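Visitor: Okay, handing you the structure first.
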Amino acid sequence: MQSALAMRTQAAEACALVDAQDSFDPVGAQNAGVELSRLLWVRCQGIDPALRSLDLLLHGGGFGLVALDLGDVPAKLVRQVQLNVWFRMRRAVEDTSTVFVVLAQETNAKSCASLVLRVERETTEWSLPKTQAHAEHTLSCLVDGSTHSAEMVRSFLWRKKPLYIDRTGSCEPAGTAHFQLISDKKAEEEELLEVEAASATEASSKRIQSPI
Amino acid sequence: MAFCAIFVPDFLLQAVIRWEPALRNQPLVLLDGPAPIFRVIAANAQARQLGITLGLTKAAAAEFRGVQIQLRNQEKEAAAHAALLDAAWSVSPRVENTAIDLVTMDVAGLETLFGSYEEIGSQLQSCCLEVGLHVHVAFSESIETARIAACAKPGPTIIPAGEEAQFVKPLPVDLLAPSEELAEVLRNWGIANCGALAALPVLSLSECVGQEGVRLHAIAGGEGNRALILAEPTHTFEEFMELDDAVEELEPLSFLLGRLLDQLCARVAARVLSVRTVLLKFELQPAFEEAFDTTQENMRTKQRAGTFRCSLSLPRPTQDAKLLLKLLRLRLQDKPPNAPIQKMWMRAVTDRPRAVQGGLFLPTGPDPDNLELTLARIASVVGEANIGSAEVLDSHRPDAFRMRKFCSSPADSLKPSAAIDDKPQTESPQAKFGFRYYRPQLPAYVALDQGRPIKVSWKGNTGKVLHASGPWRLSGGWWEENAWQEDAWEVELSFAGKNTASSAVYCIVFDAQQKKWFMRGSYD
Chain E
1 MQSALAMRTQ
11 AAEACALVDA
21 QDSFDPVGAQ
31 NAGVELSRLL
41 WVRCQGIDPA
51 LRSLDLLLHG
61 GGFGLVALDL
71 GDVPAKLVRQ
81 VQLNVWFRMR
91 RAVEDTSTVF
101 VVLAQETNAK
111 SCASLVLRVE
121 RETTEWSLPK
131 TQAHAEHTLS
141 CLVDGSTHSA
151 EMVRSFLWRK
161 KPLYIDRTGS
171 CEPAGTAHFQ
181 LISDKKAEEE
191 ELLEVEAASA
201 TEASSKRIQS
211 PI
Chain C
1001 MAFCAIFVPD
1011 FLLQAVIRWE
1021 PALRNQPLVL
1031 LDGPAPIFRV
1041 IAANAQARQL
1051 GITLGLTKAA
1061 AAEFRGVQIQ
1071 LRNQEKEAAA
1081 HAALLDAAWS
1091 VSPRVENTAI
1101 DLVTMDVAGL
1111 ETLFGSYEEI
1121 GSQLQSCCLE
1131 VGLHVHVAFS
1141 ESIETARIAA
1151 CAKPGPTIIP
1161 AGEEAQFVKP
1171 LPVDLLAPSE
1181 ELAEVLRNWG
1191 IANCGALAAL
1201 PVLSLSECVG
1211 QEGVRLHAIA
1221 GGEGNRALIL
1231 AEPTHTFEEF
1241 MELDDAVEEL
1251 EPLSFLLGRL
1261 LDQLCARVAA
1271 RVLSVRTVLL
1281 KFELQPAFEE
1291 AFDTTQENMR
1301 TKQRAGTFRC
1311 SLSLPRPTQD
1321 AKLLLKLLRL
1331 RLQDKPPNAP
1341 IQKMWMRAVT
1351 DRPRAVQGGL
1361 FLPTGPDPDN
1371 LELTLARIAS
1381 VVGEANIGSA
1391 EVLDSHRPDA
1401 FRMRKFCSSP
1411 ADSLKPSAAI
1421 DDKPQTESPQ
1431 AKFGFRYYRP
1441 QLPAYVALDQ
1451 GRPIKVSWKG
1461 NTGKVLHASG
1471 PWRLSGGWWE
1481 ENAWQEDAWE
1491 VELSFAGKNT
1501 ASSAVYCIVF
1511 DAQQKKWFMR
1521 GSYD
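Structure representation (structure tokens):
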């Protein structure tokens, strides 16, 4: 969801996030590339105000992406949302340029959803090997990242061979893709390595060009 | 050089009718004077037909059936006069504030901008009608002739150059506004109209009645010209309403607010401005218990009524009175006044209307007016502090941010972010961890082994630590009262279910100030 928000806000579109449990991390989102000034954040304390706010937002219109985060809401509460609510939401964004994304523990929108993805965390990457799980960690080895799998449960675009969301570029025949999320620290390290490699290449090319 | 005069007949009555249009078709009289000896100072045509004359006492006026009796209100008159000036400034910047019911202005050269004088006159009349005033308009080469013509005929009256004397000739001499002494002299001489006054020899007139007579003689001959005393345009737009019966409920109050806003927006629009902020002040009726100060010996000492203030600021100025009314209603719905309302003042802080060039290839955003209304409605659901865009603070403290008003300005849209300019569009940003905060942090019980967490319990959940990384010690604000210090751990917890086991990564913190463990949140 953060990536989607980052992409949309960087394209100068206004986006909205209805946060049902007030759990959004603005600092992390900004580091992930989300333009916070273009993101309307509605902090709710429960599913009822979240759905009411969402209804108003979708009918107000004009947003590039509207996300409803029900990730922390117990699944049994989300299940109680009647199907006509999801149909109404779908009708509100139908024939508009607004993308409506719901993040929840399980799929509830049923046939109202154009695309259903199931995302699961497979492994967490620590700097120490798994065999030393209980070994002493140091300050520099907080969580590095995690590997996730995304499965396309249902899509209206099945017949049109949809693009996979695999970030490494390796496409799999099935509707499942794997991708990796990394921590800020890891990202900084990788950027540093890239810069060092680039500077080393530049230096070597200069050395070649310069007369001996 | 051409001049235009705008005259408001029965100004005192129109200042009242402006707020209660239903009174326009009813017999209406205005009273003024030291209480309790109120006397009639103005009466409309219907009241005069019934036989009401000026100077009648309140009791005598009340004898007439169906007559609406109101007290003179100078604040309403001031607002009506300000509206009249605004209507004049909508056409010309050179306006003279001649009297409370009359303004004169220079309209030379405006034909190329607004059309003929007839069109300018019609525009002025419709503009005045929008602010609730029926006016007479007249144009002439002479200021005084324009003034007299406006007082005499509804118009728009256009007096061609050189025909001023001919036009003024049949008009009564009272329109020249002579002093009481001079009016008495002229009455004794049998001078009834301007033509008769203009026919008098000016030298003899000067000897008999002095310079005032000479001045009026010139005006009666169509020659009274002088320089305009220009009024300084003001940017204060204020309206006032006093209620006979205090209003308590929001529904009737919104009707009254709607009237005030309509008038304000019409005035603001006439000056080619937009409303940026609306300031509202209510004078409240004291409650029965509060009406008498029981702490004092004199039990019947009435206390001063309380006031209620409310303001509404818009990120984008608007002239839409309906939008402002909806926003004000939502604002008052959230924070209603705690007593019935007796008087209302509304003031508009204005700004220039915002004009932005759109673009075919720019992403569309929410309509600013519609967005403001949507935000206000959502704010009434979740609270005003819980909606907006986050702004990250320059602090090492985790979760340091503040909320600010969300504003999807088209100006921002015109300048896509630098990241887009620098990077190719096809390259997506590197995906990073998402973190979910528990706000407020949940108290947790953490079992330690050699200083490292091995089991974490919080809010009915217990997890065994598979991996733990930390502590990451953070502190700050030691130079302030709210100093903070904490040790953060990132832990992977496994939860044993009935059939399956699951795991998740969490962040736990030890607050060194409170000496307690807290669950901060989880990684997505």
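First to last, the protein sequences are chains E and C.
Per my numbering, the very first residue in the first sequence carries number 1; after that it's consecutive.
Per my numbering, the very first residue in the second sequence carries number 1001; after that it's consecutive.
Note that the Cβ used here is the ideal one computed from N, Cα and C, for glycine as well.
All values reported here derive from a predicted model rather than from experimental measurement.
#1: Using the beta-carbon of each residue, which ones in chain E are nearer than 8 Å to P1366(C)?
#2: Can you give the Cα-Cα distance for I1191(C) and E1238(C), rounded to whole angstroms?
#3: For L1176(C) versus A1220(C), is the C-beta spacing smaller than 8 Å?
#4: To the nearest angstrom, how far is it from the Cα of G1433(C) to the Cα of T124(E)?
#5: Answer yes or no: does any C-beta atom of chain C fall closer than 8 Å to that of C112(E)?
#6: My understanding is that I1069(C) touches L1102(C), with C-beta atoms under 8 Å, so please give their C-beta distance in whole angstroms.
#7: Here's a check: name, in chain order, each residue in its chain whose Cβ is nearer than 6 Å to the Cβ of F87(E), leaving out the five neighbours to either side.
#8: Grouping DSSP H, G and I as helix and E and B as strand, with all else coil, what is N1025(C)?
#9: So, with DSSP's three-state summary, where would you put Q1514(C)?
#10: For R1520(C), which of S1389(C), S1457(C), E1077(C), H1467(C) has the nearest alpha-carbon?
#11: Of all the CB atoms in chain E, is at least one closer than 8 Å to the CB of L1371(C)?
#12: To which residues does DSSP link E1063(C) through a beta bridge?
#13: Strictly by DSSP, which residues pair up with I1341(C)?
#14: Taking 8 Å as the threshold (beta carbon to beta carbon), is L40(E) in contact with chain C?
#15: Express the C-alpha separation of R79(E) and A1447(C) in angstroms, rounding to a whole number.
#16: If you draw a straight line from the alpha carbon of G1155(C) to that of R1018(C), how long is it in whole angstroms?
#17: Can you find a C-beta in chain C that's less than 8 Å from the C-beta of L70(E)?
#18: If we define contact as Cβ-Cβ less than 8 Å, is A20(E) a contact residue for chain C?
#19: Counting along the chain, where does the beta strand (DSSP E) carrying H1235(C) start and finish?
#20: Over what stretch of residues does the alpha helix (DSSP H) that includes L51(E) continue unbroken?
#21: Is the CB-CB distance between R1402(C) and E1391(C) below 8 Å?
#22: Taking the DSSP output, what are the residues bridged to C1568(C)?
#23: Could you tell me which chain C residues have their CB closer than 8 Å to the CB of D25(E), listed as they occur along the chain?
#24: Name the residue from A1062(C), E1096(C), I1100(C) whose alpha carbon lies nearest to the alpha carbon of L1012(C).
#25: Going straight from the alpha carbon of T1277(C) to that of G1476(C), what length do you get?
#26: Among T96(E), F24(E), Q10(E), A29(E), which one has its Cα closest to the Cα of H59(E)?
#27: CB-CB under 7 Å to C44(E), same chain, minus the five flanking residues each way: which ones, in chain order?
#28: Does DSSP put E1391(C) in a helix, a strand or coil?
#29: Which of helix, strand or coil does DSSP assign to C44(E)?
#30: Among residues of its own chain, excluding the 5 on either side of A1198(C), which ones have a beta-carbon nearer than 6 Å to its beta-carbon?
#31: For W41(E), does the count of other Cβ atoms within 10 angstroms reach 16, so buried, or fall short, so exposed?
#32: Any chance the stretch 1073-1090 of chain C sits against the stretch 1048-1055 of chain C, with 3 or more Cβ pairs inside 8 Å?
#33: Please go through the same chain and pick out, in chain order, the residues whose beta-carbon is closer than 8 Å to the beta-carbon of A4(E), but skip the five residues on each side of it.
#34: Note down the Cα distance separating G1121(C) from E13(E), rounded to an integer number of angstroms.
#35: Below 7 Å CB to CB, which residues in the same chain sit around L1373(C) once its five sequence neighbours on both sides are set aside?
#36: Could you check whether the Cβ of F976(C) sits closer than 8 Å to any Cβ belonging to chain E?
Guide: Let me spell this out:
#1: Numbered from its first residue, the second sequence carries residue 1366(C) at position 366. Close partners of P1366(C) in chain E (Cβ separation under 8 Å): A14, G60, G61, G62, F63.
#2: Mapped onto the second sequence, residue 1191(C) falls at position 191. Mapped onto the second sequence, residue 1238(C) falls at position 238. Rounded to whole angstroms, the gap between the alpha carbons of I1191(C) and E1238(C) is 44 Å.
#3: For the purposes of this step, residue 1176(C) is identified with residue 176 of the second sequence, where counting begins at 1. For the purposes of this step, residue 1220(C) is identified with residue 220 of the second sequence, where counting begins at 1. The Cβ atoms of L1176(C) and A1220(C) sit closer than 8 Å to each other.
#4: Mapped onto the second sequence, residue 1433(C) falls at position 433. Mapped onto the first sequence, residue 124(E) falls at position 124. Position check: residue 1433(C) holds Phe in this sequence, whereas Gly was assumed. Looking at the backbone, the Cα of F1433(C) and that of T124(E) are separated by about 11 Å.
#5: Looking up residue 112(E) in the first sequence gives position 112. Output row for C112(E): interface = no.
#6: Working through the second sequence from its first residue, we reach residue 1069(C) at position 69. Working through the second sequence from its first residue, we reach residue 1102(C) at position 102. I1069(C) to L1102(C), Cβ: 27 Å. No contact.
#7: The residue labelled residue 87(E) in the question sits at position 87 within the first sequence. These residues qualify, in order along the chain: C112.
#8: Locating residue 1025(C) in the second sequence gives position 25, counting from the first residue. Correct three-state label for N1025(C): helix.
#9: Sequence index remark: in the second sequence, residue 1514(C) carries index 514 (1-based). In the three-state reduction of the DSSP assignment, Q1514(C) falls in the coil class.
#10: Sequence index remark: in the second sequence, residue 1520(C) carries index 520 (1-based). Per the Cα distances, S1457(C).
#11: Counted from its first residue, the second sequence places residue 1371(C) at position 371. Chain E, which has a Cβ nearer than 8 Å to the Cβ of L1371(C), makes this yes.
#12: As a working mapping, residue 1063(C) is identified with position 63 in the second sequence. Answer is none; E1063(C) lacks a bridge partner.
#13: In the second sequence, counting from the first residue as 1, residue 1341(C) sits at position 341. Paired residues: V1247(C), L1284(C).
#14: For the purposes of this step, residue 40(E) is identified with residue 40 of the first sequence, where counting begins at 1. Yes, because at least one Cβ of chain C sits closer than 8 Å to the Cβ of L40(E).
#15: Taking the first residue of the second sequence as 1, we reach residue 1447(C) at position 447. Taking the first residue of the first sequence as 1, we reach residue 79(E) at position 79. Rounded to the nearest whole angstrom, the C-alpha separation of A1447(C) and R79(E) is 35 Å.
#16: Residue numbering aside, residue 1155(C) sits at position 155 when the second sequence is read from its first letter. Residue numbering aside, residue 1018(C) sits at position 18 when the second sequence is read from its first letter. Straight-line measurement puts the Cα of R1018(C) at about 21 Å from the Cα of G1155(C).
#17: Against the first sequence, residue 70(E) aligns to sequence position 70. Among the residues facing chain C, L70(E) is not included, as its CB has no counterpart in that chain under 8 Å away.
#18: Residue numbering aside, residue 20(E) sits at position 20 when the first sequence is read from its first letter. Not one beta carbon of chain C lies nearer than 8 Å to the beta carbon of A20(E).
#19: Within the second sequence, numbered from 1, the residue matching residue 1235(C) stands at position 235. Where H1235(C) is concerned, there is no enclosing beta strand (DSSP E), given that its DSSP letter is neither H nor E.
#20: Position 51 of the first sequence, counting from 1, holds the residue named residue 51(E). L51(E): member of the alpha helix (DSSP H) spanning 47-60, first to last residue.
#21: Locating residue 1402(C) in the second sequence gives position 402, counting from the first residue. Locating residue 1391(C) in the second sequence gives position 391, counting from the first residue. Yes; because the gap between Cβ atoms is below 8 Å, this pair is in contact.
#22: Any answer about residue 1568(C) is impossible in this case: the structure gives chain C only from 1001 up to 1524.
#23: Within the first sequence, numbered from 1, the residue matching residue 25(E) stands at position 25. Here the neighbours are D1399, G1434, F1435, R1436, Y1437, G1521.
#24: In the second sequence, residue 1012(C) corresponds to position 12, counting from 1. Relative to the Cα of L1012(C), the nearest Cα in the group A1062(C), E1096(C), I1100(C) belongs to I1100(C).
#25: Your numbering for residue 1277(C) matches position 277 in the second sequence. Your numbering for residue 1476(C) matches position 476 in the second sequence. T1277(C) and G1476(C) have their alpha carbons spaced roughly 39 Å apart.
#26: The residue given as residue 59(E) occupies position 59 in the first sequence. Closest option to H59(E), judged by alpha-carbon separation, among T96(E), F24(E), Q10(E), A29(E): T96(E).
#27: Start at 1 with the first residue of the first sequence, and residue 44(E) comes out as number 44. V18, D19, A20, D22, A50, S53.
#28: Here the question's residue 1391(C) lines up with position 391 in the second sequence. If DSSP states are grouped into helix, strand and coil, E1391(C) belongs with the strands.
#29: Residue 44(E) sits at position 44 when you count from the first residue of the first sequence. If DSSP states are grouped into helix, strand and coil, C44(E) belongs with coil.
#30: By one-based count along the second sequence, residue 1198(C) stands at place 198. Cβ within range, chain order: A1220, G1221.
#31: As a first step, residue 41(E) must be located in the first sequence, where it is residue number 41. By the 16-neighbour rule on beta-carbons within 10 angstroms, W41(E) is buried.
#32: No, they do not touch.
#33: Taking the first sequence and counting its residues from 1, the one referred to as residue 4(E) is at position 4. Closer than 8 Å at the Cβ level, and outside the excluded window around A4(E), lie L65, A67, V99, V101.
#34: In the second sequence, the residue the question calls residue 1121(C) occupies position 121. In the first sequence, the residue the question calls residue 13(E) occupies position 13. Rounded to the nearest angstrom, the two C-alpha atoms are 47 Å apart.
#35: Here residue 1373(C) is taken as the residue at index 373 of the second sequence, counted from 1. Cβ within range, chain order: L1323, K1326, L1327.
#36: With chain C covering only 1001 through 1524, there is no way to say anything about residue 976(C).
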